[in-house]
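S.K.: Chains as they are written, first to last, in the numbering used here: chain A, 71 to 422; chain B, 71 to 422. For glycine and all other residues, C-beta sits at the position ideal for the given N, C-alpha and C.
Protein chains: 2
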Amino acid sequence: MLLLDDRKRKILKAIVDDYINTAEPVGSRSVARRHEIGLSSATIRNEMADLEEMGLLEQPHTSAGRVPSDKGYRVYVDQLMTKRQLTADEIDCIEDSLRSRISEIEQLLKQASAVISEITKYTSLAITPQMNRSIIKAIKLILVEDDKVLIVIFTNAGIAKNSLVKIGAGVSLDSLVVIANYLSDRLTGITLEMVNIESLRFDAQRIMTRDRHIIDPIINGVEDCINQIASAEVFLDGTANIFNFPEFQDMMRAKKFLSILNAKDILASMMFNSPQGEEIKVRIGIENEVDELKDFSLITATYSIDCEIIGSIGVIGPRRMHYPKVIASLNHIRKVINRELSNLLGDDVEGQ
Amino acid sequence: MLLLDDRKRKILKAIVDDYINTAEPVGSRSVARRHEIGLSSATIRNEMADLEEMGLLEQPHTSAGRVPSDKGYRVYVDQLMTKRQLTADEIDCIEDSLRSRISEIEQLLKQASAVISEITKYTSLAITPQMNRSIIKAIKLILVEDDKVLIVIFTNAGIAKNSLVKIGAGVSLDSLVVIANYLSDRLTGITLEMVNIESLRFDAQRIMTRDRHIIDPIINGVEDCINQIASAEVFLDGTANIFNFPEFQDMMRAKKFLSILNAKDILASMMFNSPQGEEIKVRIGIENEVDELKDFSLITATYSIDCEIIGSIGVIGPRRMHYPKVIASLNHIRKVINRELSNLLGDDVEGQ
DNA sequence: GTTAGCACTCAACTTAGTTGAGTGCTAAAT
DNA sequence: ATTTAGCACTCAACTAAGTTGAGTGCTAAC
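1. Return the Cβ separation of A:Ile249 and A:Ile288 in integer angstroms, given the expectation that the two are a contact with Cβ distance under 8 Å.
2. Using a Cβ cut-off of 8 Å (strictly closer), state whether B:Ala324 contacts chain A.
3. Excluding sequence positions up to five away, which residues of its chain have a Cβ less than 7 Å from the Cβ of A:Arg99?
4. Please list, in chain order, the chain A residues whose beta carbon lies closer than 9 Å to that of B:Ser194.
5. In the stretch 152 to 209 of chain A, which residue ranges form an unbroken alpha helix (DSSP H) of at least 4 residues, counting only runs that do not cross its ends?
6. With burial defined as no fewer than 16 other Cβ atoms inside 10 Å of the residue's Cβ, what is the status of B:Val432: buried or exposed?
7. Compile a chain-ordered list of the residues in the stretch 237 to 251 of chain A whose CB is closer than 8 Å to at least one CB of chain B.
8. DSSP on A:Pro48, reduced to helix/strand/coil?
9. Let me know the secondary structure DSSP gives A:Leu306 once reduced to three states.
10. Name the chain A residues whose beta carbon is nearer than 9 Å to that of B:Met321?
11. To the nearest angstrom, how far is the alpha carbon of B:Ile175 from that of B:Lys78?
12. To the nearest angstrom, how far is it from the Cα of A:Lys207 to the Cα of B:Ala302?
13. Beta-carbon of A:Phe224 versus every beta-carbon of chain B: anything under 8 Å?
14. Could you tell me the distance, in whole angstroms, from the CA atom of B:Phe315 to the CA atom of A:Asp76?
15. So for A:Leu415, helix, strand or coil by DSSP?
16. Where does A:His402 sit, in a helix, a strand or coil, going by DSSP?
17. Please tell me whether A:Ile379 and A:Thr372 are closer than 8 Å, where the distance is taken between their beta carbons.
18. Look at the alpha carbon of B:Ile386 and the alpha carbon of B:Gly135, and state the distance between them as a whole number of angstroms.
19. Closer than 7 Å by beta-carbon distance: list the chain A residues that pair up with B:Thr261, in chain order.
20. Indicate whether at least one CB of chain B lies closer than 8 Å to the CB of A:Ala398.
21. Could you run through the stretch 206 to 224 of chain A and flag, in chain order, every residue whose CB is less than 8 Å away from some CB of chain B?
22. For B:Ile356, which residues in the same chain have their Cβ closer than 6 Å to its Cβ, ignoring the five residues on either side in sequence?
23. Is B:Val222 near B:Lys210, with beta carbons less than 8 Å apart?
24. Pick from B:Leu150, B:Arg144, B:Pro388 and B:Leu74: whose alpha carbon is nearest that of B:Ala84?
25. Going straight from the alpha carbon of B:Met340 to that of B:Leu74, what length do you get?
26. Which one of B:Glu410, B:Leu411 and B:Ile403 has the shortest CA to CA distance from B:Gln155?
27. Inspect the beta-carbon positions of A:Glu410 and A:Leu262 and report whether they are closer than 8 Å.
28. Applying a beta-carbon distance threshold of less than 8 Å, which residues of chain A neighbour B:Asn232?
29. Which residues in the same chain as A:Ala239 place their Cβ atom closer than 8 Å to its Cβ, once the five residues preceding and following it in sequence are excluded?
30. Step through the CB atoms of chain A and report whether any lies within less than 8 Å of the CB of B:Asp361.
31. Output needed for B:Ser187: all residues of its chain with C-beta closer than 7 Å, excluding positions within five of it in sequence on either side, in chain order.
32. For B:Asn408, which residues from the same chain have a beta carbon less than 7 Å from its beta carbon, with the 5 sequence-adjacent residues on both sides left out?
33. Determine whether the beta carbon atoms of B:Leu82 and B:Gly125 lie at a separation below 8 Å.
34. Just checking my contact of A:Ala93 with A:Arg390 at CB under 8 Å: how many whole Å lie between their CB atoms?
35. Can you name the start and end residues of the alpha helix (DSSP H) that B:Arg280 belongs to?
36. Report yes or no: is there a C-beta of chain A within less than 8 Å of the C-beta of B:Ser329?
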């Protein structure tokens, strides 16, 4: 951890704060003027030269002020910034849009994404829970219209998904009962990621003596249900917000940004690699694994059920992001999501 | 219908064609040069002055060439443009991404949207079917975990949606059978839009003598299922494509554009007001009802099941859109969607 | 160690001048 | 009666030169 003396800390903080607010390179004189440091611009100039040498500041060109480097932002985030609290209004806003009356997890995260971008004015992300580890509680086959079967799988996380498949007509009810029991035996109590579709299909061939042609469609339906439950969806909001920032007046950059947002799989993978234990993760510029994001900062927060991290929410914006506010917002919203999820899935499921 | 003599038609067509390709105002000399009209630039100049007087062309400023007006584009689309056929490659591309192996209607339309923007290079839209008119075929209640009921509704359009609700523990199976039969009686055979949730709830109170506390959650679950089936979803693709056009280098315009794309409800309403009978509708600039779209052209095409229009796909781009290509693409894709939908829902539902 | 002063740098802005594609009009040619 | 060549005019877009001002680094005095 990089240690700075008090004066350098004050000056670096002042520069980052100013730059976050103005997007203009910060000069020594304006630091002396706008902040009560009690030093002349000349002294500050010397300190700034030191900070630049240490790699914390950069100069766009000789006669401009300084701009924080990625490393500078990192020190700011880790050591210097003054933590912010949300205002009562902001908290109300979050509660209003997320509290109760939301019946589906997808809805909850969509709303969460909307409220994040509303409060932070950046582009927000929310990914639906990773349900690979959830346990199959029940699987039902329902005959509808004598040649179609509705397959329903239901997990301990309170999710049920269905798939409708056509089987040939004239299948005996007995055969359906046989395969239904088989599936129930094989699948109940195990997690989604443990399901091996091909061995399931193979073994079904062995136990079924009649009506074997129904195996393939039904197993496919089971696979479909499992995929539906396991697949993660990414919600975005406030994508147009990026245009509010002067550094993205450049069309090329804006286009690149939108292209990334359209690559949902890349977003999803970014969101997932938060190590356990870390509730909020800040990636500044070059720290992003994804190359196209090295002009951006990404802040993510995890949410969980029963202390297991299952998904995350986040914000993408310029490196010059208002870190204190975004971190405070995400931290609050992740707690609300945790609370709502446990309401939704736990004992209090009510009404819907 | 505006009638033009042959020479004016040729000149207007040449100007619109050139402007669509270059985005530069077209001058009399370049019309004379690039198209075989056999007239000098001076004559063409006179004709252009006439066309301007008729409101078909506009001049950005005195010493620039001419640009088509909305009315000019309209004449071009209705009378002048040479219809295009898709190339074999394009048709293959469409077939590859839409044919078979798609089990869900949502997937089909998502793919359709993707392929539209891939082929046209504009921003594409696809709205999921309006299912208000579909008929409820069956409704099932499944008891899971002795205090939760899974409600499944299944329609003639092959859609099944479920909702999981919690009822108090210790409900007798008899009560569940009573309400299941009641719901089945009341709902089977009617369309979604005919369902009156409140009268359903009210009458349930009358027929149920015991376990009345389960009525509210269950009716809410029914409502939830119906809403899930009836709600239309809008898929977008190629949103970043707008930046490829020089007329959208302007940030304000680009931002406005993205804002509209985020207002899914506005998009949905635009997509829906295609009168029956019209397969392809072209709205040019000012012809758009939505104010924010008056700098754009919107082309929509309907798709249907059993000859009833249930949804649409479309393209948004600059007024200077490549109309022949977009119209040909949408027309082809709508036919493929019709075909796939009838495969999906009709007799050929197979496996998945 | 701190600061005032000064020469220097350089992006951003202003101004004036140039270019060139395009027009409208008129008079000659067909 | 059309069509066309010729010419004067317009105006956005580009270029070049000059100005401004915020900022720097260095040095010498405090």
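M.R.: Inspection of the coordinates gives the following:
1. 6 Å
2. yes
3. Ser111
4. Under the 9 Å cutoff, chain A gives no residues; its nearest Cβ is about 12 Å from B:Ser194.
5. 158 to 168 and 175 to 190
6. Any property of residue 432 of chain B remains undetermined from this structure, which presents chain B solely from 71 to 422.
7. none
8. This structure does not reach residue 48 of chain A, given that chain A is present from 71 up to 422, and the question cannot be answered.
9. strand
10. Phe313, Phe318, Gln319, Met321 and Ala324
11. 47 Å
12. 31 Å
13. yes
14. 51 Å
15. helix
16. helix
17. yes
18. 26 Å
19. Result: empty, since nearest Cβ-Cβ is about 18 Å, beyond 7 Å.
20. no
21. Lys207, Ala208, Lys210, Ile212, Val214, Glu215, Lys218, Leu220, Val222 and Phe224
22. Asp140 and Lys364
23. yes
24. B:Leu150
25. 32 Å
26. B:Ile403
27. no
28. Val222, Ala230, Lys231 and Asn232
29. Asp216 and Asp217
30. no
31. Thr193, Ser194, Asp307, Gly308 and Asn311
32. Tyr373 and Ser374
33. no
34. 6 Å
35. No alpha helix (DSSP H) holds B:Arg280; DSSP gives it neither H nor E.
36. yes
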